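K.L.:
Here it is, the structure, as structure tokens.
Next comes the structure, spelled out in structure tokens:
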């Protein structure tokens, strides 16, 4: 497994985080990383590498990060 991101995944990650930062100031890091990996199946990349990159970029955009929280049907964080 590689510890750096291929260019296509890095570009997708940057685009996705930028879009999500425009929608909400809280970004679910794990869900975003899984979404990115799902779009790039077959590439040998560790989820931890993607999670770290998503969290770092989200911080640059001023987002608070959430690590795998539960959401209600409207996509809001649910208190359980």
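Residue numbers (the working numbering): 132 to 211. Idealized CB from N, CA, C, for every residue including glycine. These figures come from a predicted structure and were not determined experimentally.
(1) What number of angstroms, rounded off, separates the C-alpha of residue 145 from the C-alpha of residue 160?
(2) Measure the Cβ-Cβ separation of residue 164 and residue 185 and say whether it is below 8 Å.
(3) Hey, residue 170 and residue 143 are a contact pair by Cβ (cut 8 Å); roughly how many whole angstroms apart?
(4) Under a Cβ-count criterion, where at least 16 other Cβ atoms within 10 Å of its own Cβ denotes burial, should residue 188 be classed as buried or exposed?
(5) Which first and last residues belong to the beta strand (DSSP E) in which residue 159 is found?
P.N.:
According to the structure data:
(1) Residue mapping note: residue 145 aligns to position 14 of the chain shown, counting from 1. Residue mapping note: residue 160 aligns to position 29 of the chain shown, counting from 1. When rounded, the distance between both Cα atoms is 13 Å.
(2) Counting from one through the chain shown, the residue named residue 164 turns up at place 33. Counting from one through the chain shown, the residue named residue 185 turns up at place 54. Going by C-beta atoms, residue 164 is nearer than 8 Å to residue 185.
(3) Position 39 of the chain shown, counted from the start, is the residue given in the question as residue 170. Position 12 of the chain shown, counted from the start, is the residue given in the question as residue 143. Yes, residue 170 and residue 143 are in contact; Cβ-Cβ is about 6 Å, under 8 Å.
(4) The count along the chain shown starts at 1 and reaches residue 188 at position 57. Buried, because 16 or more other Cβ atoms sit within 10 Å of the Cβ of residue 188.
(5) What you label residue 159 is simply residue 28 of the chain shown in a count that begins at 1. Counting along the chain, the beta strand (DSSP E) containing residue 159 begins and ends at 157-159.
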